[in-house]
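Residue numbers (the numbering used here): 2 to 572. Data block below; observations after.
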């Protein structure tokens, strides 16, 4: 059989003929491996991949009215989504897709084409297919909708069938033959009520603050036998955004082989590191349209102009995000608490903490913020493993608090990263914090070196701690810039040196992503850019780190080294 263009792209990427991101190399290898070795229950139908390409290849550019030839990377995306099916049923294999590139790389064109194809040629359900486009703002949702409208109106001029059977209205496109529709939704979960989508397009998901709209649409999709969810976006600067905090982490594990998900397709065009910004030949990794000889010179000229302008202004963050699809931490990288890339590299499996020297830090709140207990454990190889546990109060309900703070507190509780207050008033019960510390220390037989706290709101809790566990040494930590500056500097350095390690506690990750540095006269303090941004776990951890920073693994005697198999080397 002749190699189809989707598979040809995969071959060229894996061989290095076409440069691609590490994630896209892994995605192409996955495609080729599944073709070569087979995958139980699925098959690749080249005829189905070709069918979608034929239609999408006829779609006109809305500016010129002339069809744009598909590039190989587009064949790979379309071919993967429509060529891989369940054996015998032709139901799609990939029910969810993550498609991310730099800006102006035909993402909207891709989405508009898929929306049209689903409306016209979808088979499940046979009638009344509902295709919805959702985004952080209704104006953004309209971009794909209006592009699809323009393309269909252009096609109707040369097709009597389409002219007769498709009606384009201001708020929906309707296929009269079977009453299927395409519609853009406002950014309100209520607009998803009563929907029964067969296809969801989440446009610029990197700008969505939460998953409420997505969850509402997904609930409406629950009875579909052949659903499709498209996450389409460029990177962003909010690392607590669900696209980065949840989806990007998930696809990274998927493509690294840490997890298996046969129903999730990934095309993620990004630079592999910021150094590649200096090498023009690498830009195609984030900008796959550079594959096009007709567009390459125009794209390169415009990007170079943007880079020169932003460098002169001293503002490169937008370029890194928009042109190179690199996630960034906060709007000004110099203010970031730690390098997020380095923080993510310091993830290890949870170690055995039984009997370890442990420093506990506490940051207290009553209602709106989180009360946090953070732990620093001395482990092997001169490393400090850190973790946290939150205590959540609320006003009204925990669900309202989740909506306001853009944090899924119930999920954190289910994962074991937090505890909901047992107080009917919603105020945090400090006895629960004492309960946790006692149980944590007892269950793990810890050698508690001290419990470090901020005096603010602490009187009631100190009384409870002294009464119930007088053997723990309570140490007050002054929250002044002078008092904590050196500790914060040392923690940042220890993260860079991989002395500080962690196990991906999501509550701790949220705090790390939210924290920024405020500098005054060479002293630094942890701060946040928005009142609702939660950094309590990091504040508590800095309390503990005032002493944990001095930890060094004790030197072993020769007899201990021999006992552990490291004392004698035979050359």
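The beta-carbon is built from N, C-alpha and C at its ideal position, and this holds for glycine as well. Predicted model only: the values in this text are computed from it and were never measured.
Own chain partners of residue 355 with C-beta closer than 6 angstroms, once the 5 adjacent residues on each side are dropped: Hits under 6 angstroms: 445, 446.
Start-to-end residues for the beta strand (DSSP E) that takes in residue 268: 265-269 is the extent of the beta strand (DSSP E) around residue 268.
For residue 20, three-class secondary structure by DSSP: DSSP, read as helix, strand or coil, puts residue 20 in coil.
Stretch-stretch touch, CB-based, cutoff 8 angstroms, three pairs: the segment 425-443 with the segment 373-383: Of all C-beta pairs linking the segment 425-443 to the segment 373-383, three or more are shorter than 8 angstroms, placing the two stretches in contact.
Heavy atom of the ligand ZN within 6 angstroms of residue 260 beta-carbon: The model depicted lacks the ligand ZN and carries no ligand whatsoever.
Bridge partners - residue 393, DSSP secondary structure assignment: Answer is 371, 421, bridged to residue 393.
Completely contained alpha helix (DSSP H) runs for the segment 9-56, where each covers 4 or more residues: Within the segment 9-56, the alpha helix (DSSP H) runs of at least 4 residues that lie entirely inside it are, in chain order, 23-38.
Boundaries (first-last residue) of the beta strand (DSSP E) holding residue 169: Run containing residue 169: 167-169, per the beta strand (DSSP E) assignment.
7 angstroms Cβ cutoff met for residue 229 and residue 24: Not closer than 7 angstroms, so no.
Beta bridge counterpart(s) of residue 253 as assigned by DSSP: Answer is none; residue 253 lacks a bridge partner.
Expected contact under 8 angstroms - CB spacing of residue 71 and residue 54 to nearest Å: Going by Cβ atoms, the distance from residue 71 to residue 54 rounds to 6 angstroms, so yes, they are a contact pair.
Exposed unless 16 or more other CB atoms sit within 10 angstroms - verdict on residue 277: Buried: at least 16 other Cβ atoms inside 10 Å.
Rounded Cβ spacing between residue 359 and residue 450 (contact assumed at less than 8 angstroms): So it is a contact: roughly 6 angstroms between Cβ atoms.
C-alpha gap between residue 516 and residue 207, whole angstroms: Whole-angstrom Cα-Cα distance: 19 angstroms.
Three-state secondary structure (DSSP) of residue 125: DSSP, read as helix, strand or coil, puts residue 125 in coil.
Given residue 472 as reference, the closest of 461, 478, 452 once Cα atoms are compared: 452 is the residue among 461, 478, 452 whose C-alpha sits nearest the C-alpha of residue 472.
Selection from 370, 48, 157 that minimises the alpha carbon distance to residue 61: With distances taken between Cα atoms, residue 61 lies closest to 157.
Terminal residues of the alpha helix (DSSP H) in which residue 549 lies: Annotation: the continuous alpha helix (DSSP H) that includes residue 549 extends over 537-549.
Separation of residue 317 from residue 279, as counted between CA atoms: Computed Cα separation, rounded: 13 angstroms.
8 angstroms contact criterion, which residue 77 and residue 10 should meet: CB distance rounded: Contact flag correct, Cβ pair sits at about 4 angstroms.
Helix, strand or coil at residue 143 according to DSSP, with G and I counted as helix: Correct three-state label for residue 143: helix.
Integer-rounded CB distance, given that residue 285 should sit under 8 angstroms from residue 291: Indeed, because the Cβ distance is near 4 angstroms, the residues count as touching under 8 angstroms.
Through-space distance from residue 343 to residue 527, alpha-carbon basis: As the crow flies, the alpha-carbon of residue 527 is around 18 angstroms from that of residue 343.
Endpoints, beta strand (DSSP E) assigned at residue 403: No beta strand (DSSP E) holds residue 403; the alpha helix (DSSP H) holding it covers 399-406.
Per-residue DSSP class, three states only, for residue 92: The answer is coil: DSSP assigns residue 92 none of H, G, I, E or B.
Of the listed residues 293, 443, 492, 265, nearest to residue 93 (C-alpha basis): Residue 93 has its Cα closest to that of 265, out of 293, 443, 492, 265.
Residue 284 in three-state terms, based on DSSP: It is helical.
Alpha-carbon spacing of residue 307 relative to residue 17, whole angstroms: Computed Cα separation, rounded: 28 angstroms.
Check whether residue 244 and residue 103 have beta carbons under 7 angstroms apart: It is not a contact, given that the beta carbons lie outside the stated cut-off.
Helix, strand or coil at residue 301 according to DSSP, with G and I counted as helix: Of the three classes helix, strand and coil, the one that applies to residue 301 here is helix, per DSSP.
Cβ-Cβ separation, residue 273 to residue 22 (assumed contact under 8 angstroms), whole Å: Between residue 273 and residue 22 the Cβ distance is about 6 angstroms, and since that is below 8 angstroms, they are a contact.
Integer Cβ distance of residue 87 from residue 133, believed to fall under 8 angstroms: The pair is not a contact, with the Cβ atoms about 24 angstroms apart (cut-off 8 angstroms).
Cβ-based burial, residue 507 [other Cβ within 10 Å; buried from 16]: By the Cβ neighbour-count rule, residue 507 is buried, with 16 or more other Cβ atoms within 10 Å of its own.
Member of 339, 396, 215, 522 whose CA lies at the smallest distance from the CA of residue 97: Comparing Cα positions, the closest option is 215.
Nearest-angstrom beta carbon gap, residue 146 and residue 182 [assumed within contact, 8 angstroms]: Incorrect: roughly 11 angstroms between the Cβ atoms, too far for contact.
Neighbourhood of residue 411 by C-beta distance below 8 angstroms, restricted to the same chain and skipping five residues each side: So the list reads 399, 400, 403, once near-sequence residues are dropped.
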